[in-house]
Amino acid sequence: MENTLRQKAKELLASGEVKVVIGWGWNRTRTRTTPVFITKSEETDRLVWNPLCVNNLSVYLTRKFKDVQALGKPAIVARGCDIKNIVVLISEGQVKRENVYIIGMVCNGVVYRQELWEGELKPEIMPTKCHNCDVRNPHLTDSVIGGKSSFVPPEAPAGMVFDKIKAIDARDASGKWSFWINEFSRCVKCYACRQVCSLCYCERCITEKNMPQWIETSAHPRGNLSWNLTRAMHLVGRCTFCGECERACPVNIPLNLVNQKMILVVKDAFDYRSGYDEKVHPPMIVFNPEDKENFIK
Amino acid sequence: MADKLLKREDLGKLIGSVVGGGGVFVAPTIDARQVVFKPVTKAEEIVTDYIVARNSYKEYVFPQTEVVADYTIGKDGVDLRSRKVEPKETVIFGARPCEASSLSALRAVFTWDFIDEFYTKREDKTTVISVGCTKADEACFCTTVALSPETKTGSDIYLLETESGDYLAEAVTDKGRAFIKKHASVFGAAGGEKAKKLFIPEKIKGIDPGKVAEKLSDKGHYEDPVWAELTRKCIGCGACTFVCPTCHCFDITDEGTAFEGERRKNWDACQFDTFTLHASGHNPRDLQYKRWRNRFNCKFSFYPNKFSSKGCVGCGRCIRVCPVRLDITEVMEELSK
Chain G
1 MENTLRQKAK ELLASGEVKV VIGWGWNRTR TRTTPVFITK SEETDRLVWN
51 PLCVNNLSVY LTRKFKDVQA LGKPAIVARG CDIKNIVVLI SEGQVKRENV
101 YIIGMVCNGV VYRQELWEGE LKPEIMPTKC HNCDVRNPHL TDSVIGGKSS
151 FVPPEAPAGM VFDKIKAIDA RDASGKWSFW INEFSRCVKC YACRQVCSLC
201 YCERCITEKN MPQWIETSAH PRGNLSWNLT RAMHLVGRCT FCGECERACP
251 VNIPLNLVNQ KMILVVKDAF DYRSGYDEKV HPPMIVFNPE DKENFIK
Chain H
1001 MADKLLKRED LGKLIGSVVG GGGVFVAPTI DARQVVFKPV TKAEEIVTDY
1051 IVARNSYKEY VFPQTEVVAD YTIGKDGVDL RSRKVEPKET VIFGARPCEA
1101 SSLSALRAVF TWDFIDEFYT KREDKTTVIS VGCTKADEAC FCTTVALSPE
1151 TKTGSDIYLL ETESGDYLAE AVTDKGRAFI KKHASVFGAA GGEKAKKLFI
1201 PEKIKGIDPG KVAEKLSDKG HYEDPVWAEL TRKCIGCGAC TFVCPTCHCF
1251 DITDEGTAFE GERRKNWDAC QFDTFTLHAS GHNPRDLQYK RWRNRFNCKF
1301 SFYPNKFSSK GCVGCGRCIR VCPVRLDITE VMEELSK
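Protein sequences, first through last, are from chains G and H. With this note's numbering, the residue at position 32 of the first sequence is 32, and numbering never jumps. Quick note: to get this note's numbering, add 1000 to the position in the second sequence (first position is 1).
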């Protein structure tokens, strides 16, 4: 697969169809992967494909990365889960479908965090999203690398994240409150969750609006709670559970629990799952006269 | 010379006497599945098998958020009342020799043109007890920046683990000597105990800090396309700066209701796009690679030149936490060419 990927990238760059290929490459010691931007057809051998390819590279398609956009039309190497984010970006008018070439990778799962890698992809080091993945055969692509995956996700989603959500749901309000206050207390306001997220593409985040200061920037319990809850609310019906925010969090806040819980709520309330169809808009940004709720009319 | 012995079984007693005296004992402990510096009250909470804590202990001398003043806005103007800082005695146990070099870098900044008492008073009350490393991971690069697990500078007391799990202790500074004297009952005389072998990481081949400094001193490097090529992937979060033991930038913010509130000093990060945003809307560091280039210069040019202090101690924290694995040593290597 790696060779086919490199060959594809080489063709795309040589023909001038794209100006940059955004993919994964090795670090110096070849122990971790890191995002790479290949602009020359003779450098496509730097691209790699393996279970350490964890970054959701779709963040580089957003307007946060003006210098990446300045390179010209990109091709992006993407797994199905990454493509979900590209789908949301297209449906929200952030990316034009014709302006990005999607090289879809058939994927058998990746590690939850790269430091867990010991040479073999075992189920226990894979994130919950991989165990329930229904896009191992990427769903919106210009070309696909890899043979067809025959993986069938479990009918009822399962895994650590769902187990923990169940456990938290079983708590009473004060139990839930104390769980989250404790988790958010560690927040250092580094905003890695926001920066790594391709759906947090606002150029001026609400936390940076200081006339008035809507969200206190201090890393105290009040400021941390308002930041984390506000970000969660801004992702309702949009988040695809790619897991980047939790992976990036230096203090291990279980953001996947927040995100998956919202996904369950949106599925229940609107029968909507984000990231599958670029022609459908997320429920929180559309108005529908047929809405079943009376208060909206 | 390591002439004292601190027995593992006496650690609890040491913690008890520091905490009992109204002090804070900070040590590596497990929190949310990782090793971090945090106040402990029992010896059992301390982790001894670790490389470096995820966070730097700087947050105990330079808190992430602190109130520096209170204000009231009245008809006759603003009444601004400074807070007094009265820090507790703080012991940092289990620091690594690399990061022990960081406090002098912080002090240089906080006493440069204005004595920032919020920092100096805390540091004055802080005793740093470091433990020489017996292992490392691939992010460690202390020897590449001319430090090593044998470096004692910056520590008040330098410890070596013994084969039996106790510590050979050496007082490095007057503060360290006073601490050992004050806690004489737990620091006994050493008598031929054998220290575990220290693990000295190899210098990274291809990095020449002299060449890096030379390149940075020539302003021409600013327009070198290599900056954008190597650091384009930076997503602009503050993780690297917040875990860095020498990063020291802060922001002043007022929090409160319309007429009264607190003035706070909060950590800030040069990697945020608002860091240098002017009120006019102009931003001199408008792209991420320029912000990254600035941080690198801060570490290897601006501060070493201005204060002769270490801008980077090679602890590797920034490499470990980076969500896109932007490795500062790869940039050092490129600039050594």
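By construction, the Cβ of each residue, glycine as well, lies at the ideal position given by its N, Cα and C atoms.
- Counting C-beta pairs closer than 8 angstroms gives three or more between the stretch 1232-1244 of chain H and the stretch 1282-1302 of chain H, which meets the contact rule.
- The Cβ-Cβ distance between Thr1090 (chain H) and Tyr1060 (chain H) falls below 7 angstroms.
- Note that the C-beta distance between Ile1207 (chain H) and Thr1144 (chain H) is below 7 angstroms.
- If you draw a straight line from the Cα of Lys1306 (chain H) to the Cα of Trp1112 (chain H), it is about 10 angstroms long.
- Against Tyr1289 (chain H), the close residues of chain G are Asp67, in the order they occur along the chain (beta-carbon pairs closer than 7 angstroms).
- Under the DSSP assignment, Leu1168 (chain H) falls in the beta strand (DSSP E) whose first and last residues are 1167-1171.
- Within chain H, Thr1274 have C-beta atoms less than 7 angstroms from the C-beta of Glu208 (chain G), given in sequence order.
- Within the same chain, and ignoring the five residues on either side of Val1040 (chain H) in sequence, the residues whose Cβ sits closer than 8 angstroms to its Cβ are Ile1015, Phe1025, Val1026, Ala1027, Thr1029, Ile1046.
- For Arg1320 (chain H), the uninterrupted alpha helix (DSSP H) run begins and ends at 1317-1321, by DSSP.
- Scanning its chain for C-beta atoms nearer than 7 angstroms, with the 5 sequence neighbours on each side dropped, one finds around Ser1309 (chain H) the residues Ser1104, Ala1105, Ala1108, Tyr1303, in chain order.
- Distances from the alpha-carbon of Ile83 (chain G) to those of G:Asp142, G:Val111, G:Trp49 put G:Asp142 closest.
- For the C-beta of Phe37 (chain G), the chain H residues within less than 9 angstroms are, from N- to C-terminus, Glu1229, Arg1232, Lys1233.
- Under the DSSP assignment, Arg1264 (chain H) falls outside any alpha helix (DSSP H), being part of the beta strand (DSSP E) whose first and last residues are 1260-1267.
- The contact set of Ala1239 (chain H) on chain G, defined by CB atoms closer than 7 angstroms, consists of Cys190, Ala192, Pro250 in chain order.
- Here Pro154 (chain G) is exposed, its C-beta having fewer than 16 other C-beta atoms within 10 Å.
- Under a criterion of Cβ atoms nearer than 7 angstroms, no residue of chain G is adjacent to Gly1281 (chain H); the nearest Cβ is some 11 angstroms distant.
- Note on Thr29 (chain G): under 16 other CB atoms within 10 angstroms of its CB, so exposed under the neighbour-count rule.
- In this model, Val1052 (chain H) and Val1324 (chain H) are separated by some 20 angstroms (Cα to Cα).
- The beta carbons of Asn132 (chain G) and Ser149 (chain G) sit no closer together than 7 angstroms.
- Cys193 (chain G) and Val266 (chain G) have their C-alpha atoms spaced approximately 21 angstroms apart.
- Chain-ordered listing is empty here: chain G has no CB closer than 9 angstroms to the CB of Phe1250 (chain H), the nearest sitting near 11 angstroms.
- Look at Gly1074 (chain H) here: in three-state DSSP terms it is strand.
- Three or more Cβ pairs drawn from the stretch 98-109 of chain G and the stretch 71-90 of chain G lie within less than 8 angstroms of each other, which places the two stretches in contact.
- By the Cβ-count criterion, Pro221 (chain G) is exposed, with fewer than 16 other Cβ atoms from all chains shown falling within 10 Å of its own Cβ.
- Just measuring C-alpha positions, the residue of G:Gln69, G:Glu216, G:Ser91 sitting nearest Asn1266 (chain H) is G:Glu216.
- With a beta-carbon spacing of about 5 angstroms, Val1212 (chain H) and Leu1335 (chain H) fall inside the 8 angstroms limit used to define contacts.
- Taking a C-beta cut-off of 7 angstroms against chain G, none of the residues of the stretch 1082-1103 of chain H qualify.
- DSSP places Pro1209 (chain H) within a helical segment (H, G or I) once states are collapsed to three.
- For Gln1034 (chain H), the enclosing beta strand (DSSP E) stretches over residues 1034-1039.
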